[in-house]
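Take a look at the structure below.
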């Protein structure tokens, strides 16, 4: 409701008790005073000019000729935990790729080579290192390992299924689903992962303006980055699925660090 109407409502409530008040409908054409109030309110709304948000400048960047830093976020291939949708974080389990995962890694490596990237980064976990090794072979690039690309820590939940977590940690699991700021027991919140993902992207873009960068990373890093870049609600991460060895593409313009999502969860290379 309009702020002025809220004030009137509070004033009316304080004048008399509700039991002594009755309401009668008056047609608009018989109530010129109400019509004037409505017109004033609409005029007031029309006069408010909001500052343009950063995304409104994307069209200018696309036609400016400025070369953005292009970052290809590649999720690792399948592990033994992937098909069962078990929590697979940065814990000690550190599973390797399955035979299917190795096949996926070879397929995405072939696709990435077409982009002629300049640098290749990877999380230190085994599944990302094995995926990155395939990309290194197809591109001739050296794998640069950085901890900032590591997966979210799920703490005590690592390796457990959703059914197991909801049964053994019912209250904690409900809190985790209700808030991206909630930390699993001995784990890391999605908000913390989001901040780390954006820091990683910003750092790579700042250090390598106009370059093509590949980062082999994880589901949590990629989907929190996507949500943040498009200014989606933090809870939207629960509606984003990043497939093994899919490619998510982000552009960052050096002049003002504007970020744009250019492609998400692309996996056509896996359908051959």
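Residue numbers (this note's numbering): 1344 to 1615.
Here a beta-carbon is modelled for each residue, glycine too, at the ideal position from N, C-alpha and C.
Note that the structure is predicted; figures quoted are calculated from it, not measured.
Environment of residue i [buried if 16+ CB atoms lie within 10 Å]
{"i": "residue 1401", "result": "exposed"}
{"i": "residue 1442", "result": "exposed"}
{"i": "residue 1520", "result": "exposed"}
{"i": "residue 1464", "result": "buried"}
{"i": "residue 1517", "result": "exposed"}
{"i": "residue 1513", "result": "exposed"}
{"i": "residue 1543", "result": "buried"}
{"i": "residue 1566", "result": "buried"}
{"i": "residue 1582", "result": "exposed"}
Supposed contact pair residue j and residue i - C-beta distance, whole angstroms, cut 8 Å
{"i": "residue 1528", "j": "residue 1498", "result": "5 Å"}
{"i": "residue 1612", "j": "residue 1450", "result": "5 Å"}
{"i": "residue 1587", "j": "residue 1425", "result": "6 Å"}
{"i": "residue 1470", "j": "residue 1422", "result": "5 Å"}
{"i": "residue 1419", "j": "residue 1536", "result": "Between residue 1536 and residue 1419 the Cβ distance is about 16 Å, and since that is not below 8 Å, they are no contact."}
Simplified DSSP state of residue i, which is helix, strand or coil
{"i": "residue 1621", "result": "No information on residue 1621 is available, as it lies outside the stretch 1344 to 1615 that the chain covers here."}
{"i": "residue 1606", "result": "strand"}
{"i": "residue 1485", "result": "coil"}
{"i": "residue 1465", "result": "strand"}
{"i": "residue 1594", "result": "strand"}
{"i": "residue 1499", "result": "helix"}
{"i": "residue 1440", "result": "strand"}
{"i": "residue 1425", "result": "coil"}
Sequence-distant residues of its chain with Cβ nearer than 7 Å to residue i (five each side left out)
{"i": "residue 1429", "result": "1502, 1503 and 1504"}
{"i": "residue 1436", "result": "1501 and 1502"}
Other residues of its chain near residue i: CB distance less than 6 Å, five sequence neighbours each side excluded
{"i": "residue 1548", "result": "1412 and 1595"}
{"i": "residue 1605", "result": "1592 and 1594"}
As an exercise, report each continuous beta strand (DSSP E) stretch of at least 3 residues that is fully enclosed by the region 1497-1551, in chain order. none
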